[in-house]
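First up is the structure itself, then whatever we jot down about it.
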DNA sequence: CTGAAAGCGCTTACAG
DNA sequence: CTGAAAGCGCTTACAG
């Protein structure tokens with residue numbers, strides 16, 4: 257079924273070059289010839305061979321997203337919404353999306369180098385940055401375009417979208433203090449993650465502002481999954497003088513924390529408050545519904561694609577945007 | 257940063273052809289030369305140019321999955337788990353995955369023809385088949401490999417994995433009759449879908465077997481989303497002599513149906529039973545948890561990839577498998 | 001065991 | 001306005 261330029265050219269008694277230019281709308285082809293070529297191509301069902309075009313043009317017309325090591329699974333709600341945004345935005349653009357997972361055993365940067373060197377993609381979408389992220393270092397070094405959610409110290413040649421992590425957590429904590437909570441725990445993630453550092457900072461700022469002490473034994477780490485959130489929260493809640501509010505780094509871990517509370521016979525929103533971050537759709541349907549810092553994950557993903565594509569097509573300008581302000585969404589998990 | 261065979265060849269004083277063969281492990285290259293080539297390639301960070309290789313070898317080393325028109329969104333739970341399975345399975349294979357959504361306005365087959373003609377992919381994964389599915393007709397006609405979840409009348413040149421739709425729904429209905437439910441409604445999907453026809457058939461068989469009549473006014477259609485499930489269920493539950501059990505075509509619509517019941521002040525699992533199909537992870541966490549027919553969506557997706565890849569590499573044998581038997585997972589939404 | 005050559009299907013200067 | 005030619009980076013018969 258494969259139709260090539262050659263066949264169209266033969267059918268019409270033209271050269272391959274002329275057909276190519278006609279289809280591409282070059283001005284140096286007579287209008288009548290162009291009409292015939294376009295019509296014939298349509299009839300024959302011609303679509304350019306992707307590989308040939310790529311090889312010749314030296315670009316892939318594709319971008320890549322590799323699930324970061326710190327992302328639990330393909331199908332966790334945050335990742336799904338993020339990927340949905342990438343996919344939906346790309347659907348309207350002449351770019352393809354390559355998605356893969358990090359392959360255990362290899363250095364995290366390996367697959368980026370591989371995809372760039374094989375010219376499979378023209379650029380990358382990143383998230384879950386680390387403070388000194390080796391991926392950013394690599395992309396900077398080779399001048400490969402990227403757009404990332406979050407920004408780290410070395411972010412230079414790429415584009416990024418930021419969320420007001422610290423500020424929004426600080427506000428949330430203040431709100432809970434006003435409501436009467438006083439024994440705060442923080443359920444974080446891997447400590448090198450930018451989102452961990454920023455959200456923890458917001459947590460500390462909030463307590464400080466309200467004149468509360470930070471109890472070190474109430475700072476815990478998770479792997480950003482609900483399972484590890486459940487485990488870590490169980491420990492926190494079994495301590496003497498247990499916390500009455502658990503601020504979680506994201507919704508997934510908050511789901512786990514709520515489960516842990518139930519396991520211990522505590523009523524979430526009454527005996528203990530639990531909050532998340534991200535505002536994934538599922539957060540509205542848990543029992544009780546989860547108070548969270550809601551930012552438009554889906555829209556942000558679309559925005560990242562736009563910025564990356566702009567950058568690939570025109571490597572000059574990509575102005576910084578002001579950080580996105582998450583909405584404090586109060587629900588029953590904090591007694592609201 | 258791009259390293260090509262040419263550069264390796266120059267570095268070593270060899271021909272491009274020799275380097276290519278050495279890297280490919282051909283037997284006609286001296287062992288010492290091969291060693292040098294492999295080592296140098298590694299040092300220089302060589303990765304073959306994907307487009308060049310594809311063009312020459314005439315294969316894409318990639319497969320495609322296009323979200324069917326009848327699929328609500330990228331991020332609904334079924335789709336996420338399905339895509340997670342595709343992605344995870346592919347991660348271990350030398351194949352890429354292209355995902356896209358159907359572009360409204362174009363015929364559904366358009367994108368399949370386009371991807372095949374541009375040689376972007378070597379084959380397709382399909383689901384949500386229609387009884388006379390134009391996609392299957394197209395792929396059969398052009399002899400393009402595919403693997404599909406569900407099978408339709410014309411399925412010929414492809415491979416498929418089937419689920420026992422009718423049989424499992426029939427069993428579920430019988431179980432509910434034994435529990436005392438007697439006024440059954442069916443919340444289906446677009447009528448041309450294979451899963452709709454099969455699951456509805458199971459519903460009818462179940463009622464017949466138990467000596468119950470089918471009440472036509474209790475057969476409703478949805479778009480497989482929770483929103484349309486909610487709407488359709490609201491109508492059913494407002495009828496005089498309302499149903500005491502709603503069998504839904506999938507979990508998404510069941511989520512909507514449960515919401516509709518709550519909207520009317522009915523207690524799910526007491527005033528009205530609701531059941532789903534698929535066993536998505538979220539079904540265990542709703543309030544109340546959802547009784548459903550659970551089949552391993554994630555695993556099935558992985559299996560489809562395996563079958564497709566086998567077929568691409570060796571277009572001969574792909575034995576039919578017996579249909580997968582969903583597990584009846586009884587939860588509180590049916591009073592279990 | 002190694003090299004020279006052809007060609008996959010395009011695009012793009014360069015002639016005419 | 002159109003065509004002939006070169007070349008993107010590979011792979012693979014064919015010589016030697």
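Residue numbers (the numbering used here), protein chains in the order written: chain A, 257 to 592; chain B, 257 to 592. For glycine and all other residues, C-beta sits at the position ideal for the given N, C-alpha and C. Everything numeric in this text was worked out from a predicted model, so none of it was measured.
Residues that residue i contacts on chain A, provided the C-beta gap is smaller than 7 Å
i: residue 308/B; result: 311
i: residue 359/B; result: 347
i: residue 550/B; result: Within 7 Å Cβ-Cβ: nothing; residue 550/B doesn't reach chain A, min ~16 Å.
Within chain A, the residues that residue i reaches when beta carbons sit closer than 8 Å
i: residue 262/B; result: Ordered by position in chain A, no residue passes the 8 Å Cβ test against residue 262/B, which lies about 14 Å from the chain.
i: residue 331/B; result: 333, 336, 337, 339, 340, 537, 554
Chain-ordered neighbours of residue i on chain B, where CB pairs are closer than 7 Å
i: residue 614/A; result: In the structure as shown, chain A starts at 257 and stops at 592, and residue 614/A therefore has no counterpart that could be examined.
i: residue 543/A; result: 543
i: residue 301/A; result: 369, 373
Own chain, CB closer than 7 Å to residue i, minus 5 neighbours either side, in chain order
i: residue 592/B; result: 547, 586
i: residue 297/B; result: 264, 279
i: residue 461/B; result: 422, 426
i: residue 456/A; result: 442, 444
i: residue 431/B; result: 584
Proximity winner among the options, relative to residue i (alpha-carbon distances)
i: residue 409/A; options: 421/A, 393/A, 398/A, 432/A; result: 393/A
i: residue 565/B; options: 271/B, 301/B, 265/B, 345/B; result: 345/B
i: residue 454/A; options: 351/A, 554/A, 486/A, 385/A; result: 385/A
i: residue 560/B; options: 387/B, 341/B, 352/B, 294/B; result: 341/B
i: residue 416/B; options: 390/B, 563/B, 286/B, 517/B; result: 563/B
i: residue 268/A; options: 281/A, 293/A, 282/A, 284/A; result: 293/A
i: residue 330/B; options: 457/B, 356/B, 352/B; result: 356/B
i: residue 347/A; options: 360/B, 350/B, 339/B; result: 360/B
i: residue 445/B; options: 366/B, 570/B, 481/B; result: 481/B
i: residue 558/A; options: 336/A, 542/A, 307/A; result: 336/A
i: residue 365/B; options: 458/B, 555/B, 395/B; result: 395/B
i: residue 350/A; options: 310/A, 339/A, 371/A, 367/A; result: 310/A
i: residue 449/A; options: 526/A, 325/A, 363/A; result: 325/A
i: residue 363/A; options: 391/A, 540/A, 307/A; result: 391/A
i: residue 458/A; options: 486/A, 487/A, 436/A, 504/A; result: 504/A
Contact test: residue i Cβ vs the ligand COA heavy atom, cutoff 8 Å
i: residue 558/B; result: The ligand content of the structure shown is nil, which means the ligand COA is not present either.
Distance, residue j Cα to residue i Cα
i: residue 305/A; j: residue 369/A; result: 25 Å
i: residue 373/B; j: residue 411/B; result: 21 Å
i: residue 434/A; j: residue 463/A; result: 11 Å
i: residue 376/A; j: residue 316/A; result: 6 Å
i: residue 301/B; j: residue 259/B; result: 7 Å
i: residue 478/A; j: residue 472/A; result: 15 Å
i: residue 320/B; j: residue 379/B; result: 6 Å
i: residue 313/A; j: residue 465/A; result: 57 Å
i: residue 354/B; j: residue 322/B; result: 8 Å
i: residue 352/B; j: residue 382/A; result: 19 Å
i: residue 420/B; j: residue 406/B; result: 10 Å
i: residue 398/A; j: residue 491/A; result: 45 Å
i: residue 508/B; j: residue 451/B; result: 14 Å
i: residue 371/B; j: residue 567/A; result: 26 Å
i: residue 552/B; j: residue 284/A; result: 58 Å
i: residue 522/B; j: residue 476/A; result: 41 Å
Cut-off 6 Å between Cβ atoms - residues of its own chain near residue i, not counting five sequence neighbours on either side
i: residue 530/B; result: 502, 510, 513, 514, 524, 589
i: residue 538/B; result: 333
i: residue 389/B; result: 408
i: residue 578/B; result: none
i: residue 484/B; result: 478
i: residue 282/B; result: none
i: residue 517/A; result: 524, 528
Close beta carbons around residue i, own chain, < 8 Å, minus the five adjacent residues each side
i: residue 235/B; result: With chain B represented from 257 up to 592, any question about residue 235/B goes unanswered, as that position is not in the structure.
i: residue 289/A; result: 270, 274, 278
i: residue 272/B; result: 261, 262, 265
i: residue 439/A; result: 471, 474, 497, 498, 499, 500, 501
Proximal chain B residues relative to residue i, where beta-carbon distance stays under 8 Å
i: residue 376/A; result: 306, 352
i: residue 219/A; result: Since the displayed chain A opens at 257 and closes at 592, residue 219/A lies outside it and no answer follows.
i: residue 258/A; result: 373, 375
Beta-carbon neighbours of residue i, restricted to chain B and to distances below 9 Å
i: residue 393/A; result: Here the premise fails: no neighbours, minimum Cβ distance about 14 Å.
Handout entry: Complete beta strand (DSSP E) runs within the segment 505-545 of chain A (minimum length 3 residues, chain order)
Key = 529-534
Exercise for the section: Would you list, in sequence order, the uninterrupted beta strand (DSSP E) runs of no fewer than 3 residues that lie entirely inside the segment 545-578 of chain A? Expected result: Complete beta strand (DSSP E) runs here, min 3: 547-550.
Exercise for the section: Enumerate, from N- to C-terminal direction, the unbroken alpha helix (DSSP H) stretches of 4 or more residues contained entirely within the segment 375-448 of chain A. Expected result: 390-398, 421-435
Practice task
With a floor of 3 residues, list each beta strand (DSSP E) that falls wholly inside the segment 280-351 of chain B, ordered by position along the chain.
Solution key: 318-323
Exercise for the section: Could you pull out every unbroken alpha helix (DSSP H) segment of at least 4 residues lying fully inside the segment 446-502 of chain A, listed in chain order? Expected result: 450-465, 482-494
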